[in-house]
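Q:
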Amino acid sequence: MRQKKEINVELGRRVRKAREAAGLTQERFAELIGISPQNVSCVERGLAGVSLTVLRRMCEILHVSSDSLLMGEAASNRADVIAHRLEKLPPEQFRVVQEVINSVLELTALPEEKQEPES
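Residue numbers are given in UniProt numbering: position 59 of the sequence shown equals residue 59, and the series is strictly consecutive.
Next comes the structure, spelled out in structure tokens:
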């Protein structure tokens with residue numbers, strides 16, 4: 001029986017959580033990153049580590065940063081995660097998202113209606 005390394009256990013837990021959040025089965029995830037479902041299972045159980053190539057592909061498929069998989073949520077910055085996802089959008093989709101964000105920011109920047117003084 002293999003000895004589990006703590007870093008592999010932590011990485012595996014985070015990969016499983018991100019995979020499930022993405023709505024992917026182990027089989028589909030394995031297919032997308034180019035490894036076997038058995039290997040995904042071993043990674044998620046902390047029995048095996050991953051190469052940098054596989055880690056990079058996992059991050060791309062799961063739309064998460066390598067920091068979040070390696071170091072956990074405390075190390076990931078929400079803005080960085082959003083920026084990473086935005087970078088992957090085709091130009092037309094990016095423009096649509098940008099328009100929506102600008103509209104929301106404009107709405108939140110509107111001055112509050114002046115209240116009439118109470119008598």
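Beta carbons: idealized from backbone N, C-alpha and C, even for Gly. Predicted, not measured: the structure shown is a model, and the values here were computed from it.
Assuming serine 41 is part of the alpha helix (DSSP H), what are its boundary residues?
A: 37-44 is the span of the alpha helix (DSSP H), which, as asked, contains serine 41.
Q: Can you tell me whether DSSP reads residue 145 as helix, strand or coil?
A: What the structure shows of the chain is the stretch from 1 to 119, and residue 145 is not part of that stretch, so it cannot be assessed.
Q: Determine the burial state of leucine 11: buried for a count of at least 16 other Cβ atoms within 10 Å of its Cβ, exposed for fewer.
A: Classification for leucine 11: buried.
Q: In terms of residue numbering, what span does the alpha helix (DSSP H) encompassing threonine 53 cover?
A: Segment 52-62, the alpha helix (DSSP H) holding threonine 53.
Q: Which term fits alanine 18, buried or exposed, when burial requires 16 or more other beta carbons within 10 angstroms of its beta carbon?
A: Label assigned to alanine 18: buried.
Q: What does a CB cutoff of less than 7 Å around valine 40 pick up in its chain, not counting 5 residues either side in sequence?
A: Taken in chain order, the residues that qualify are Gln26, Phe29, Ala30.
Q: Out of curiosity, what's the CA-to-CA distance linking leucine 86 and serine 65?
A: Leucine 86 and serine 65: Cα-Cα distance of roughly 13 Å.
Q: Could you tell me the alpha carbon to alpha carbon distance between isoleucine 33 and valine 50, rounded to whole angstroms?
A: When rounded, the distance between both Cα atoms is 11 Å.
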